[in-house]
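Quick note on numbering: the sequence shown equals residues 1409 to 2128 in the numbering used here.
Data block below; observations after.
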Amino acid sequence: MPDMPAAEAVSCRLHGEVLLVTIANPPVNALSANVRRGLLAAIDAAEANPDVRAVLITGAGRNFIAGSDIREFGQPPQPPSLPDVCSRIEACGKPVAAAIHGAALGGGLEVALAAHYRLAAAGARLGLPEVLLGLMPGAGGTQRATRLIGAAAALDLMLSGRHVDAAEAHALGLVDRLVDPSESSGDIQEQGLAYVRQLLSAQAPVRRTRDAAGLADRQAGRAAIAAARAATGKKSRGLFSPPKILEAVEAALDLPFDDALRLERKLFLQCMDSPQRAGLIHAFFAEREVLKTPAIHHQTRNANTTLRAIGSVGVVGGGTMGAGIAAAVLDAGLPVTMIERDAAALARGRAHIETIYDGLIAKGRLSADGKAAVMARFSGSLAYDALAQADLVIEAVFEDMAVKQAVFAQLDRVCKPGAVLATNTSYLDIDAIAAGVSRPADVLGLHFFSPANIMKLLEIVTPAKVAADVLTTAFEFARKLGKTPVRAGVCDGFIGNRIFAAYRQAADRMMEDGASPYRIDDAMRGFGFPMGPFQVADLAGGDIGWAARKRRAATRNLQARQTRYVQIADRLCERGWFGQKTGRGYYAYPDGARSGAPSEEVEAIIAAERRRAGIVPRSFSDEEIVRRCLAAMINEGANVVHQGVALRPLDVDVVFLYGYGFPRYRGGPMKYADTLGLPRVLADIGEFGREDPLFWRPSPLLTGLVGRGANFASLNSRSG
Ligand code: 3H9
């Protein structure tokens, strides 16, 4: 069989009368410029060759095509464009089929939709997830999907970004045929060739998706658009691309195909130019980057370190955190032994876990048998000796150094050599905890976020003496739990809580200077956080922060004359107002209400504190509130990177995206800083520092970057 000429990454081979076009562009067959060129050349070659009667497009490796090459975005575009490639495929005068296995996403699905026939293997994942990257389908997807499966189904795919499996794709009409699992040779190319031969023998014509009848019922199409528009307003608050998707689908109803394609292109390029696209694609790469082999200290990579097997886990403490951690571990299929100090506490711990699974049963997401199967992996004990064979123990007891050290002394006594000993502390010095045991190399921090079975973020905190294989094991464990791990160094609050504390201090200062906590929360929600800092404080509970402030009081008093200390939170805590769980905090939660109402009493306390501090209240615009909160976060983020507590700015971003509700479309605080421009952030800090120079001290990293005209992104590529 003669080989046809083709560009690199796309190979063409004639199988009888069928030209097999295979895309091989690892890792995921993204549509880089050479792939686009290769596809175009393949169709031209097929059309020109009288021996070719039909074309089959497939992907080599694990996927069909994962979409456009998103690493090319933001760079000068290289021809041919994907819309041109898709139009060329669709215009081909000989039947073109796509055989889909693995991912056919975004531009990948658009290529398949431009083909005339589609076959999908079990395990295929199809979707138009561009919205998750701040984009919309830009190579005919808004038009072809809508014509093929109707406006309602196409809008659902495009606005949610969800993937559908082969069976659902078939039911929707996205694909014509499923690979019969009983006949499957496991080779998608063989299956595809057999399918195309059947098409040829049935004299199947060229069938263009642009002519499909999915929009025949125009009234239904308009109703679907109206319904999606109403739902999108609520679900996609602040997002740029969903309205553009709606506009493009509307055009599918109102305009001829080619005019609608031109509009789609225009709208796609607007999305491409939006900072949201840059923020979301930064988040996409950052969340993959943090999963990679971590560094133990700044410079050394641990690619060759071995793993310790984790087959069983102990959890010390059955409070909210301990129970949430236990559920996260149980969900990963591992057995858990929980230790509590008395039978009543252990029963409460078990009940906390059961409540989690009962909640899932109530929502129809778990059966009673499913719960029983999970709980069969759970055991409890009052004796530490039950942890003798545990491979990993996670301590989640009260946040107090003496209490934690006592737990670790017990673990040191009973745990087998090589067991990993982890603390879930959110603030305490893990070096000091490690110093108390005979095996400090086995100790590290696993800082879960509440609710621990749901929140994706896991800070893996590395004390000075931790062994490389313990760190690598912790990352592997995080992956097994489905968590997003971020390596953090030891310091007060690690990455997240330390930066969050700076954010809170900026907010507290504004509150004392005249902005109400409700106004501040409102402004930060306007920026895109789901909750403002005072709502978060109420949800988290004021008691832990209060304890930490009391712990730091000794050092604070030494600096008291210079450092401003806002006491409003203490006034609330002194009244026992620890937030939602006590029914009072910055907000009032009458009768166990979950969303709080502003409280005049709190405003009176704040007013009294302003008088005590001799402050004449002034007003703050939403814009200034956001500017100050973000400047504080960014500056502390820079300090955290500067001191090696976070490896790179992107680690800070991932912590804030996954643990603190930072709006994903802004990419995280450090990416947002780059978007603003670091000189502007530094100027803001300088301006705020005129009234409070101790708090607003520019980070040396920020000053240095501005001095050499660089940005945070320039630090993301350095290896850990
Ligand atoms: C689009 O198509 C626009 C068009 O409508 C219009 C055009 C005009 N490009 O996730 P993994 C890398 S927008 C470049 O770990 P998995 C990824 O960074 C696009 N690189 O594997 C990683 O690299 P590294 C619409 C990509 O098996 C490696 O591949 N498409 C791309 O867990 C492995 O990735 C999407 O949004 C890409 N498109 O999951 C799909 N995709 O090893 C995005 C991945 O250096 N991709 N990489 O870290 C995915 O959802 C998942 O990657 C996928 C595989 C499900 C495919």
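Glycine included, C-beta positions come from ideal geometry on N, C-alpha and C.
Report the option in Gln1611, Ile1633, Ile1478, Gly1535 whose CA atom is closest to the CA atom of Pro1503.
Checked all of Gln1611, Ile1633, Ile1478, Gly1535; the closest Cα to Pro1503 is Gln1611.
Along the beta strand (DSSP E) that carries Ile1868, what are the first and last residues, could you check?
Residues 1865-1870.
Could you check the C-alpha separation between Leu1879 and Ile1868 for me, to the nearest Å?
When rounded, the distance between both Cα atoms is 8 Å.
Out of Ala1628, Ile1508, Gly1549, Ala1691, which one is the CA nearest neighbour of Leu1601?
Here the closest residue by C-alpha is Ile1508.
Which residues mark the beginning and the end of the beta strand (DSSP E) in which Phe1856 is found?
Segment 1851-1856, the beta strand (DSSP E) holding Phe1856.
Residues in its own chain within less than 8 Å of Met1409 by CB, not counting five upstream and five downstream?
With a pLDDT of 37 at Met1409, under the threshold of 50, the predicted position of this residue should be treated as unreliable, and no value is reported.
For Arg1906 and Gly1890, I'd like the C-alpha separation in whole angstroms.
Each residue's Cα considered, the two are about 24 Å apart.
Closest to Glu1356 by C-alpha separation, out of Leu1513, Pro1485, Ser2027, Ala1523, would be which residue?
Any property of residue 1356 remains undetermined from this structure, which presents the chain solely from 1409 to 2128.
Any heavy atom of ligand 1 closer than 7 Å to the beta-carbon of Ala1474?
Checking the Cβ of Ala1474 against ligand 1 gives yes.
On the three-state DSSP scale, how would you describe Ala1474?
It is coil, neither helix nor strand.
Please report the Cβ distance between Gly1549 and Leu1517, rounded to the nearest whole angstrom; I am assuming they are in contact, meaning their Cβ atoms lie under 8 Å.
With 8 Å as the limit, Gly1549 and Leu1517 qualify as a contact, their Cβ atoms being about 7 Å apart.
Apart from the five residues just before and just after Arg1615, which ones in its own chain have a Cβ nearer than 8 Å to its Cβ?
Taken in chain order, the residues that qualify are Pro1503, His1524, Tyr1525.
Alpha helix (DSSP H) containing Glu2031: first to last residue?
Unbroken alpha helix (DSSP H) run through Glu2031: 2030-2050.
Using a Cβ-based criterion (distance less than 7 Å to any ligand heavy atom), does Leu1669 qualify as near ligand 2?
As presented, the structure is devoid of ligand 2, carrying ligand 1 as its sole ligands.
Does at least one heavy atom of ligand 1 sit under 7 Å from the Cβ of Asn1832?
No, since every heavy atom of ligand 1 falls outside the 7 Å radius drawn around the Cβ of Asn1832.
Whole alpha helix (DSSP H) runs in the region 1715-1740 with 4 or more residues, listed along the chain?
Runs found: 1728-1739.
Closer than 7 Å to a non-hydrogen atom of ligand 1 - does that hold for the CB of Leu1490?
True, at least one ligand heavy atom lies under 7 Å from that Cβ.
What residues are listed by DSSP as bridge partners for Thr1430?
Looking at the DSSP assignment, Thr1430 forms a beta bridge with Ser1419, Thr1466.
Specify, as a first and last residue, the run of the beta strand (DSSP E) that Phe1942 falls within.
First-last for Phe1942: 1941-1948, but that is the alpha helix (DSSP H), not the beta strand (DSSP E).
Helix, strand or coil for His1509, going by three-state DSSP, please let me know.
Looking at His1509 - three-state DSSP - the assignment turns out to be coil, as it is neither helix nor strand.
Report the CB separation of Met1729 from Ser1846 in whole angstroms; it is logged as a contact under 8 Å.
No, Met1729 and Ser1846 are not in contact; Cβ-Cβ is about 26 Å, not under 8 Å.
Just how far apart, CA to CA, sit Ala2118 and Gly2076?
In a straight line, the C-alpha of Ala2118 is about 18 Å away from that of Gly2076.
Under 7 Å Cβ to Cβ from Phe2028, same chain only, skipping five residues before and after it: list those, please.
These residues qualify, in order along the chain: Met1918, Gly1922, Ala1923.
Mind pulling the beta strand (DSSP E) runs of 3 or more residues that sit fully within the region 1872-1956?
Runs found: 1892-1897.
Helix, strand or coil: how does DSSP classify Tyr1997 here?
In the structure shown, Tyr1997 sits in coil (DSSP, three-state: anything other than H, G, I, E or B).
Using 8 Å as the threshold, is the C-beta distance between Ala1432 and Ser1419 below it?
For Ala1432 and Ser1419, yes; Cβs fall inside 8 Å.
Put His1706 into one of helix, strand or coil per three-state DSSP.
Since pLDDT at His1706 reaches only 40, below the 50 mark, its modelled position is unreliable, and the value read off the structure follows with that caveat. His1706 falls in the coil class under three-state DSSP.
Quick one: what's got a C-beta closer than 6 Å to Glu1748's C-beta in the same chain, skipping five residues either side?
The residues are Gly1726, Leu1754, Gly1757.
What residue from Arg1912, Phe2103, Gly1514 has the CA that sits closest to Asp1946's CA?
If we check each option's Cα against that of Asp1946, Arg1912 comes out closest.
Among the residues of its own chain, which have a CB less than 7 Å from the CB of Ile2093, if the five just before and after it don't count?
The answer, listed in chain order, is Ala2039, Asn2043, Trp2104, Pro2106.
Can you grab the Cα-Cα spacing for the pair Leu1541 / Ile1689, in whole Å?
Going by the C-alpha atoms only, they are around 6 Å apart.
Taking the runs of the alpha helix (DSSP H) that are 4 residues or longer, which of them lie wholly in the region 1502-1573?
As far as the region 1502-1573 is concerned, its whole alpha helix (DSSP H) runs of at least 4 residues are 1515-1522, 1549-1557, 1559-1568.
Please confirm whether any heavy atom of ligand 1 lies closer than 7 Å to the CB of Glu1867.
No, since every heavy atom of ligand 1 falls outside the 7 Å radius drawn around the Cβ of Glu1867.
Taking Cβ to Cβ, would you say Val2062 is nearer than 8 Å to Thr1870?
Result no, Cβ atoms of Val2062 and Thr1870 do not sit closer than 8 Å.
Excluding sequence positions up to five away, which residues of its chain have a Cβ less than 6 Å from the Cβ of Ala1529?
Excluding residues within five positions, the ones whose Cβ falls inside 6 Å are His1509, Val1587, Ile1596.
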